[in-house]
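Numbering of the sequence shown is given in this note's numbering, commencing with residue 58 and proceeding in unit increments. Data first, discussion second: the structure below is written as structure tokens.
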Amino acid sequence: MIGYVTVGTNDLEKASAFYDALLGEIGAQRAMDMETFKAWSNGGEAMFSVIKPFDGKAATVGNGVMVAIAAPDHATVDKLYAKAIELGGTDEGVPGMRGGDDSGFYAAYFRDLDGNKLNFFHFKQS
58 MIGYVTVGTN DLEKASAFYD ALLGEIGAQR AMDMETFKAW SNGGEAMFSV IKPFDGKAAT
118 VGNGVMVAIA APDHATVDKL YAKAIELGGT DEGVPGMRGG DDSGFYAAYF RDLDGNKLNF
178 FHFKQS
């Protein structure tokens with residue numbers, strides 16, 4: 058259903074290097090590489106992208122907006138969260154179960170270099 062998700066950046070070069078390294082950990086590569094827009098895909102239907110705003114104004118963070126990226130297991134969530142922090146991202150919630158131990162939802166939350174909130178998660182339905 059979702060084709061792609063876009064977050065804004067004020068430094069496309071810096072954001073691109075961050076996401077090249079971070080999303081490369083799950084096999085994603087740039088699927089689109091334009092002057093003001095970069096998008097990554099790992100072969101699935103949905104893509105993740107960063108963009109300099111079309112209106113020429115500064116990119117700002119949307120309050121309540123978050124991008125969630127699925128991971129195949131808890132270990133991958135842990136690895137990706139650690140990589141995001143290593144690359145300069147900031148903590149918004151360390152890896153762990155959310156909604157109780159029996160919920161099956163394991164996630165880690167962080168903000169990228171522009172302050173956009175993201176998470177990596179694994180959801181095992183019972």
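All C-beta atoms in this analysis are idealised placements derived from N, C-alpha and C, irrespective of residue type, glycine included.
Determine the direct distance from the alpha carbon of Gly156 to that of His179, and round the result to whole angstroms.
-> 13 angstroms
Which parts of the region 135-160 are runs of the beta strand (DSSP E), unbroken and 3 residues or longer, counting only runs that do not cross its ends?
-> 147-155
Can you name the residues that DSSP bridges to Val64?
-> Val107
When the Cα of Met104 is compared with those of Ala85, Gly119, Ala116, which residue comes out closest?
-> Ala85
Helix, strand or coil at Lys71 according to DSSP, with G and I counted as helix | helix
By how many angstroms is the C-alpha of Met89 removed from the C-alpha of Val151?
-> 31 angstroms
How long is the line joining the alpha carbons of Phe177 and Gly161, rounded to whole angstroms?
-> 14 angstroms
Sorted by chain position, which residues of the same chain lie with C-beta nearer than 8 angstroms to Ala115's C-beta, five sequence neighbours on each side aside?
-> Asn67
Which residues bound the beta strand (DSSP E) around Leu175?
-> 174-180
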